[in-house]
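For the sequence shown, my numbering begins at 2 and goes up steadily by one.
Shown next, in structure tokens, is the structure this report addresses.
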Amino acid sequence: TYSLIAMNIVIFLYEISLPMEGTDWFVNHYGAIPLEILGGDDFYTLISCMFLHGGWMHLIGNMLFLWVFADNIEAIIGTFNFLLFYLLGGIVASAIHIFFNPYSEVPMVGASGAISAVMGAYLILFPASKIKVLVLIFFRSFYIPAIFFLGFWIVQQMFAGFGSLGVSEQNTGGVAWWAHIGGFIFGVVSGFIAKSAYKNKYRYDVEA
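Here it is in structure tokens:
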């Protein structure tokens, strides 16, 4: 988990260190472009796109969620299995995004799909754990059960995903809602598998 966070940060720092033309080339070369992938090109971008980000807030948000949810899952299934799960989650998320946007020429970047898979698995493995949420308008934090926090999150993603249907993003960017949804569903399925395989290895009273 911490190595993935470090890799994402280092790659992003390299990305923003490039001149504008270099950054555009970097994102277009390593981001996942649906039209090109369906044309049989650049399959490696299904993995490389997970380590690129569109800005500081994109990076910080993703790394925060990865830091909060991933290490507990890694502790259960082991480092190698977690890395495999993370990468497969990202690939499935990208595939779902491509399915709904087959003609898009916009490169998809970000770890959100893989992290959505992590969140889906966390929901199944630790439904009763407490998520610490900072509410700025009250200037204090609250603990919310994971099942409510993550349930609300995926419902929000699904509303946005269905709302985006029929909206072409061939020439414009946007949030890859269906990558989030696809990754989350993959994570839920993987969570049930892990729950059965490692049922004596985890507890439900984790705080995040």
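Just so it is clear, CB atoms sit at the ideal spot from N, CA and C, and this is done for glycine as well.
Closest by CA to residue i, which one among the options?
i    : options               : result
G188 : V176, F160, F127      : F127
I92  : I34, N29, L124        : I34
V69  : S95, A147, A195, V176 : A147
I182 : S18, F27, A115        : A115
P103 : Q158, I155, L39, I10  : L39
S117 : G41, S18, F66, F27    : F66
A195 : Q158, G121, F44       : G121
A112 : G23, A71, F101        : A71
F211 : G90, G162, L88, I125  : Absent from the model: residue 211. The displayed extent of the chain is 2 to 209, so no value can be given.
Taking Cβ to Cβ, would you say residue i is nearer than 8 Å to residue j?
i    : j    : result
S191 : F86  : yes
Y31  : I74  : no
F185 : I155 : yes
A177 : H54  : no
F27  : L19  : yes
Please report how far the alpha carbon of residue i lies from the alpha carbon of residue j, in whole angstroms.
i    : j    : result
T2   : D25  : 28 Å
E16  : T46  : 16 Å
K131 : I78  : 21 Å
S197 : W179 : 27 Å
A76  : N63  : 20 Å
I12  : G152 : 31 Å
G164 : G175 : 13 Å
W57  : L166 : 28 Å
V119 : M21  : 33 Å
H59  : M8   : 15 Å
E37  : D43  : 7 Å
T80  : I10  : 20 Å
Y199 : I6   : 25 Å
Q158 : S95  : 15 Å
F150 : A129 : 11 Å
I145 : S4   : 28 Å
N29  : F160 : 29 Å
**Report entry** At least 3 beta-carbon pairs within less than 8 Å: the region 100-111 vs the region 38-52
**Finding:** The region 100-111, when compared against the region 38-52, does touch it at the 8 Å Cβ threshold.
Query - Runs of alpha helix (DSSP H) lying entirely within the region 22-50, each at least 4 residues, in chain order - result: If we require 4 residues or more, the alpha helix (DSSP H) runs fully inside the region 22-50 come out as 35-39, 46-49.
Report task. Pick out the complete alpha helix (DSSP H) segments inside the region 74-162, 4 residues or longer, and give them in chain order. Result -> Entirely contained in the region 74-162, the alpha helix (DSSP H) runs reaching 4 residues are, in chain order, 80-101, 113-126.
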